[in-house]
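Reading through the structure tokens given below for one structure.
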Amino acid sequence: MLTADPDADLEFSLAEMRRQRKRKRLADVHIIDALYRADLTALVGGGAIYALAGAIGDTPLNAGQLDSVTAHGAGWLGLAMAFAVAIGLRSGSRGGPLVLEQAEVRHVLLAPVDRTTAVRGPALRQVRFLVFVAILVGAVVGILTARRLDGNAAAWTACGALYAAVAVTVSYGAALCAAAWRLPSWIGTTIGAALVALALVDGLDVVNLSPLTAWGEIGMWPEGFGLLGLAALVVSVTVLLVGFVRVGDLSVEAAERRSTLVGQLRFAATLQDLRTVIVLRRQLAIELPRLRPWLRLPVRGTGRLPVWTRDWRGILRWPAARVGRLALLAVSAGLALRGAWEGTTPLLGLAGVALFIAGLDAVEPLAQEVDHPSRAETIPVERGVVHVRHLPAAVAVMVLVAIVGAAVALALEPSVGGLAVAAVCVVPAALGGVAGAVTSVLSDPVLGGGGDAWALVAPEAAGMRLVMRTAWPPALAIGGTLPLLAARSAAEHNTSAVGAALTASILVVAVFALVVGWVRWRDDLHAAIERALPSKPEPGAKDRTRET
């Protein structure tokens with residue numbers, strides 16, 4: 002049996018091996034390709050920032066609105082920080098946030114090397130990248146915020162970047178600590194939910210008990226410097242340092258499971274296969290169905306609505322984590338729509354994305370049907386008809402999500418007119434989320450899908466298909482929020498906001514009807530396209546013709 006040399010410097014050997022791997026990886030990257038990608042990223046990012054700045058360029062806040070932001074801004078930023086901490090605790094309690102390669106887990110973590118030294122390098126690289134991305138996003142948000150708030154644009158940009166960096170720091174540190182201390186999953190989820198609930202009631206100015214409001218003051222420093230924010234900054238750095246000190250106490254079994262699933266998840270993301278990404282993410286989060294449903298449905302023979310009944314039996318077995326995620330998405334969508342009603346138009350995009358993600362959970366019964374294509378071949382009903390019959394249950398779930406979001410939006414400033422507008426916007430928001438999710442689930446993968454039709458087109462057209470395949474489903478979900486935009490515009494011009502919302506809702510319903518028609522006749526459309534394409538010659542047909 003081979004044994005390690007007691008005099009060998011294994012830590013130095015490990016560091017040298019990683020340096021060699023890095024040099025080899027960088028040697029395969031061409032400098033021209035790297036510069037081209039950097040220029041393209043900068044161009045697309047700059048264009049997106051310019052477009053958002055133009056969209057958000059509404060009238061600045063008046064004195065009353067500015068006072069409200071100053072008084073409650075720290076509380077709402079504390080709510081965002083609570084979400085970040087909850088995500089970190091949940092990830093750490095499930096073995097995260099580190100994602101190591103499978104070879105690293107099997108050979109490095111099981112080698113006679115100090116585990117803290119072996120893991121600290123990948124953890125440092127991961128948090129460094131996350132902080133860099135957070136600084137960029139926070140700076141962009143600060144630039145957009147300065148357009149509506151009175152103050153120095155440089156100060157808002159700097160504080161936005163600092164707030165985002167602190168959010169990533171405390172979230173990552175909490176995840177490292179939870180993983181090192183082997184925090185049970187239910188405890189991490191409970192603590193995260195309690196922090197979010199306290200921050201929410203603090204933002205609503207019900208009870209000021211949230212400890213994370215101090216972190217929210219960092220983002221509000223342009224309106225007035227506070228020592229609580231400075232203390233929160235010190236605590237965030239301390240939590241991260243404690244996590245790095247204890248990073249070697251992670252569970253090897255959890256790291257092995259994560260390395261396998263995350264490798265598959267990255268491959269699915271490369272193929273733009275969103276459905277596989279969702280399934281793998283649920284496995285990564287150990288999101289299993291309940292053994293006992295939340296509510297038992299009565300059994301009445303075969304029933305007249307078997308698909309509807311089967312869908313609800315599956316929905317009633319959703320785990321508490323999925324139900325909580327839908328609730329958080331509903332709250333996020335409601336807060337974003339409230340901000341859009343107050344004048345920040347780009348928040349419609351955030352609300353639409355939240356509804357799209359919620360819709361992916363709502364159409365889970367349909368996705369399960371797609372994942373098992375042989376099941377539809379055993380019944381004498383066309384597959385398109387079965388797919389359409391899955392939609393009512395998804396719409397019902399999304400209506401409940403939209404009602405929760407509307408209730409949150411109305412709780413900020415209740416009014417009879419706001420209640421009427423919210424009641425009109427509930428159904429379009431639900432239909433938009435379902436339409437986007439259904440389109441994403443039923444569309445062919447961008448790479449390796451689409452049949453022969455896309456094999457004959459030019460590469461430029463294939464690139465356009467990639468863009469449309471990625472952006473079209475979220476765009477449909479964002480379109481479901483347009484009635485709110487129409488109502489806001491009508492209210493600004495002293496016309497009927499409810500009437501404008503109803504008019505825009507008709508357009509959303511029409512688009513949803515088109516999506517339903519596409520779901521019903523999708524297979525027939527594909528078959529017609531395949532018949533119109535020239536048939537491929539059989540293997541060896543050219544040689545047989547030549548012999549003849």
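My numbering applies: residue 2 is where the sequence shown begins, and numbers increase by one. For each residue, glycine too, the CB sits at the ideal point set by N, CA and C. Just so we're clear, the structure is a prediction, and the values are computed from it rather than from any experiment.
- Counting C-beta atoms within 10 angstroms of its own C-beta, GLU370 has 16 or more neighbours from the protein chains shown and is therefore classed as buried.
- Judged by beta-carbon spacing, SER441 lies beyond the 8 Å limit of LEU349, meaning their Cβ atoms are not closer than that value.
- Of all alpha-carbon atoms in GLU414, ALA181, ARG20 and ARG314, the one lying nearest the alpha-carbon of GLY93 is that of ALA181.
- For the 8 Å CB-CB criterion, TYR173 and VAL128 form a contact.
- The continuous alpha helix (DSSP H) containing ARG126 extends over residues 116 to 147.
- Following the DSSP letters along the chain, one finds LEU356 inside the alpha helix (DSSP H) bounded by residues 348 to 363.
- Measuring C-alpha to C-alpha distances from THR190 to each of GLY325, PRO123 and ALA233 identifies GLY325 as the nearest.
- Buried is the label assigned to ILE279, since at least 16 other Cβ atoms lie within 10 Å of its Cβ.
- The alpha helix (DSSP H) runs lying completely inside the region 360 to 417 and spanning 4 residues or more are 365 to 372, 374 to 377, 384 to 390 and 392 to 413, given in chain order.
- Residue burial is scored here from C-beta neighbours: MET18 has fewer than 16 other C-beta atoms within 10 angstroms and is therefore classed as exposed.
- Three or more pairs of CB atoms, one per stretch, sit closer than 8 Å, so the region 428 to 442 contacts the region 474 to 483.
- Closest option to ALA438, judged by alpha-carbon separation, among VAL396, LEU420 and GLU257: VAL396.
- The criterion of a C-beta distance shorter than 8 Å is satisfied by LEU150 and TRP157.
- For THR345, there is no enclosing alpha helix (DSSP H), as DSSP marks it with neither H nor E.
- Here VAL509 carries a helix assignment [DSSP, helix/strand/coil].
- Remark: fewer than three beta-carbon pairs, one from each stretch, lie closer than 8 Å, so the region 335 to 350 and the region 309 to 319 are not flagged as touching.
- Taking one beta carbon from each stretch, the region 207 to 223 and the region 96 to 106 have fewer than 3 pairs nearer than 8 Å; the two do not touch.
- When the Cα atoms are used, GLU378 and GLY385 turn out to be separated by approximately 12 Å.
- Burial is judged here by how many other beta carbons sit within 10 angstroms of a residue's own beta carbon; ARG20 has fewer than 16 and is exposed.
- In the structure shown, MET221 adopts coil according to DSSP, grouped into three states.
- Note on the region 164 to 229: whole alpha helix (DSSP H) runs with a minimum of 4 residues are 186 to 204 and 214 to 220, in chain order.
- A distance below 6 Å between beta-carbons, with the five flanking residues on each side excluded, links ALA200 to the following residues of its chain, in chain order: GLY79, LEU80, ALA83, SER211 and LEU213.
- In the structure shown, TRP319 adopts coil according to DSSP, grouped into three states.
- Counting only residues of its own chain and dropping the five nearest sequence neighbours on each side, ALA488 has a CB closer than 6 Å to the CB of VAL422, ALA498, ALA501 and ALA502.
- Secondary structure note for ARG95: it is in no alpha helix (DSSP H), with a DSSP letter that is neither H nor E.
- Here the region 246 to 260 does not lie against the region 323 to 340, with fewer than 3 beta-carbon pairs under 8 Å apart.
- Burial of ALA166 is indicated by the presence of at least 16 other C-beta atoms within 10 angstroms of its C-beta.
- DSSP places ALA491 inside the alpha helix (DSSP H), whose first and last residues are 483 to 493.
- Excluding the 5 residues flanking it on each side, HIS391 has same chain C-beta neighbours closer than 8 Å at VAL308, ASP312, VAL364, PRO366, LEU367 and GLU370, in chain order.
- GLY418 is the residue among VAL246, GLY418 and VAL138 whose C-alpha sits nearest the C-alpha of ALA491.
- For ARG247, the secondary structure class from DSSP, reduced to helix, strand or coil, is coil.
- At the C-beta level, VAL509 and PRO429 come within 8 Å of one another.
- Residue state for PRO475 is assigned as helix, using DSSP reduced to three classes.
- Taking a C-beta distance under 8 Å as the contact criterion, LEU177 and PHE245 qualify as a contact pair.
- Residue burial is scored here from C-beta neighbours: GLU224 has at least 16 other C-beta atoms within 10 angstroms and is therefore classed as buried.
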